[in-house]
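Trainee: I'd like to ask some things about the structure below.
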Ligand code: RP5
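Residue numbers (this note's numbering): 10 to 171.
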């Protein structure tokens with residue numbers, strides 16, 4: 010199976026990334042994670058993106074906060090699909106990173122999930138890999154069913170309580 014490549018701009022983004030890695034583990038998807046910054050270590054970020062297809066990755070996730078150029082910089086150097094996670098920083102509640110990640114110019118797309126939404130990034134990565142992988146598609150369907158069952162349990166609990 011192709012791997013998911015994860016890049017975070019700083020180790021301070023780790024709590025967001027851990028939401029993604031928990032789901033990738035649950036779905037038995039191999040991944041590799043790195044701290045590479047578009048600004049602090051641009052050469053390493055470039056080299057990772059440029060070599061990602063050759064290295065066996067099928068989709069990349071890039072998480073960054075503040076002036077979040079990482080996902081765009083990664084996308085500029087690969088034709089693999091790139092999923093951007095805007096991370097909440099010390100100011101502006103993550104709106105800075107959201108706009109920096111989502112507002113890519115035409116030609117270099119980044120599929121942007123919600124602020125801090127590592128879970129959706131992992132699920133979207135899984136869905137992309139599942140296009141060509143029926144076993145993974147079945148695991149995704151089972152997870153959706155299990156997640157729906159949890160919501161219905163909550164529904165029954167709230168109905169009983171009120
Ligand atoms: C971004 O700046 C990182 O992705 C992180 O979200 C933010 C702050 O980084 P640190 O100062 O915590 O290393 O590049």
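Beta carbons: idealized from backbone N, C-alpha and C, even for Gly. Please read these numbers as outputs of a predicted model, since none were measured by experiment.
Thinking C-beta only, is residue 93 closer than 8 Å to residue 121?
Mentor: The answer is yes: Cβ separation under 8 Å.
Trainee: Please work out which residues of its chain come closer than 7 Å, Cβ to Cβ, to residue 28, disregarding the five sequence neighbours upstream and downstream, and give them in chain order.
Mentor: Around residue 28, the same chain offers 127 and 128 as residues with beta carbons nearer than 7 Å, after the five sequence neighbours per side are excluded.
Trainee: Report the partner residues of residue 69 according to the DSSP bridge assignment.
Mentor: 14 and 91
Trainee: To the nearest angstrom, how far is the alpha carbon of residue 132 from that of residue 70?
Mentor: 11 Å
Trainee: Using 10 angstroms around the beta-carbon of residue 110, count the other beta-carbons present and answer buried if the total reaches 16, otherwise exposed.
Mentor: buried
Trainee: Cβ atoms of residue 59 and residue 87: under 8 Å apart, would you say?
Mentor: yes
Trainee: At what residue ranges does the segment 73-138 contain a whole run of the alpha helix (DSSP H), taking only runs of 4 or more?
Mentor: 79-84 and 104-111
Trainee: By Cβ distance, which residues of its chain are closer than 6 Å to residue 80, with the 5 residues on each side in sequence left out?
Mentor: 71, 91, 93, 110 and 119
Trainee: Cα separation between residue 160 and residue 154?
Mentor: Distance between the alpha carbons of residue 160 and residue 154: 10 Å.
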